[in-house]
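Numbering of the sequence shown is given in the working numbering, commencing with residue 863 and proceeding in unit increments.
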Amino acid sequence: MTPTDETNRLENTTTCLPLAYGSIAFNLGPQADEYHTHKWTLYLRSPDKSFDLSVAISKVVFQLHPSFAQATREVTEPPFEVTESGWGEFEASLRIIWREVAEERSTVLSVELPTVPTADPLPHNINATEPVVSEKYDEVVFTNPKMEFHKLLQSGNNRPLSYPLSKQPAVIEYFRTYDDGADVQNMLAAKKFLEGELRNVKDRLLKADHELDELKTSLTLLKGNPAAAAGGGGGDLGKSVVGGGATSGKVSGGDSGAKLKNKSKSKPALMEQNTAKRAKTS
863 MTPTDETNRL
873 ENTTTCLPLA
883 YGSIAFNLGP
893 QADEYHTHKW
903 TLYLRSPDKS
913 FDLSVAISKV
923 VFQLHPSFAQ
933 ATREVTEPPF
943 EVTESGWGEF
953 EASLRIIWRE
963 VAEERSTVLS
973 VELPTVPTAD
983 PLPHNINATE
993 PVVSEKYDEV
1003 VFTNPKMEFH
1013 KLLQSGNNRP
1023 LSYPLSKQPA
1033 VIEYFRTYDD
1043 GADVQNMLAA
1053 KKFLEGELRN
1063 VKDRLLKADH
1073 ELDELKTSLT
1083 LLKGNPAAAA
1093 GGGGGDLGKS
1103 VVGGGATSGK
1113 VSGGDSGAKL
1123 KNKSKSKPAL
1133 MEQNTAKRAK
1143 TS
């Protein structure tokens, strides 16, 4: 990794900083009043609970709900957190200001502050003393970082924390632990699901290709011999209908015509016979 002379940035290099951030809200119970039902803490911390975020972060700006007297809070040293009390839920934002040496734009994160469990369906044995925890894991990726900033990020794991994980002791025990093994299992499960979906899509595509080939073959036959394709069926149909009609006419109509013809001849013959008889009588 060699920095460029102009910018002192490491070309073709990426480094990431894992972060955990969220909120923990405690129900005040008997101590609650109309406007203060919960005590909550918004925070930004290291997921492994050992990385010193202060090597990379200059300050964190928390933007609270406008109803608070001081809606914007700047925290310039760890632990990066804000603790307050209130009665409603809202969405806050965290703006991370990086060390000046980084020469990076600030990073903004959105944080939800729920005060009631969001599980669906809700468990029947909800413990009012248990807090509502809403936490997310994310990684900020730096592309072509400044060489000095890259060194700071690498040194974060080598410095023992000089500050508590939180100023609120009750909060610390609810910080989630991120296990690499569990992450690997989740990734394997996701991979298996995606492979199954890809197989289904592939099968559908193969079936569609087969049907398309059959349609193309049928179309080629129709274009190559339209008379045979159309006349073959039409000839059989015409022969059946017309021939059947001719046969019917020959058998039925012929006999009928012959009978009518015989009747037309018999009437004059009878008339002549009657005339002859009358002549003899006369």
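Ideal Cβ positions, reconstructed from N, Cα and C, are used throughout, including at glycine.
Small disclaimer: the values here were computed from a predicted structure and weren't measured.
Limits of the unbroken alpha helix (DSSP H) element including residue i
i       : result
Phe1011 : 1009 to 1017
Pro880  : Note, Pro880: premise wrong, no alpha helix (DSSP H); beta strand (DSSP E) at 876 to 889.
Val978  : Element bounds for Val978: n/a, residue is neither H nor E.
Ala1032 : 1031 to 1034
Pick from the options that is closest to residue i, judged by C-alpha positions
i       : options                           : result
Lys901  : Phe952, Glu951, Asn889            : Asn889
Lys1013 : Thr903, Val917, Glu873, Glu966    : Val917
Glu992  : Phe1011, Glu1001, Ala1032, Glu974 : Ala1032
Val922  : Thr934, Ser912, Phe913            : Thr934
Ile919  : Glu953, Asp910, Glu966, Ala954    : Glu966
Arg1038 : Arg907, Lys1069, Arg1066          : Arg907
Val994  : Pro892, Leu1023, His927, Tyr1036  : Tyr1036
Asn1209 : Ile959, Ala1051, Ala931, Glu1010  : This structure leaves residue 1209 out entirely; the chain is present only between 863 and 1144.
Enclosing beta strand (DSSP E) for residue i [first to last residue]
i       : result
Val944  : 942 to 948
Gln925  : 919 to 925
Asp1000 : 994 to 1005
His900  : 900 to 907
Ala954  : 952 to 960
Thr991  : Note, Thr991: premise wrong, no beta strand (DSSP E); not H, not E.
Val937  : 934 to 937
Whether residue i touches residue j by CB criterion (8 Å)
i       : j       : result
Asn1019 : Phe942  : no
Glu974  : Ser996  : yes
Ala964  : Lys911  : no
Arg957  : Ser968  : yes
Thr980  : Glu951  : no
Tyr883  : Lys998  : yes
Tyr1025 : Pro909  : no
Glu953  : Ser972  : yes
Thr899  : Gln1030 : no
Ile1034 : Leu1027 : yes
Exercise for the section: Indicate whether the contact test is met: 3 or more Cβ pairs, each with one atom in the region 934 to 943 and one in the region 884 to 898, closer than 8 Å. Expected result: With a cut-off of 8 Å, the region 884 to 898 and the region 934 to 943 do not count as touching, because too few Cβ pairs lie within range.
Problem - Cβ contact (3+ pairs, closer than 8 Å) linking the region 943 to 957 and the region 1066 to 1074 - result: No, the region 943 to 957 does not touch the region 1066 to 1074.
Handout entry: Contact the region 871 to 887 vs the region 1002 to 1021: 3+ CB pairs below 8 Å
Key = Yes, they touch.
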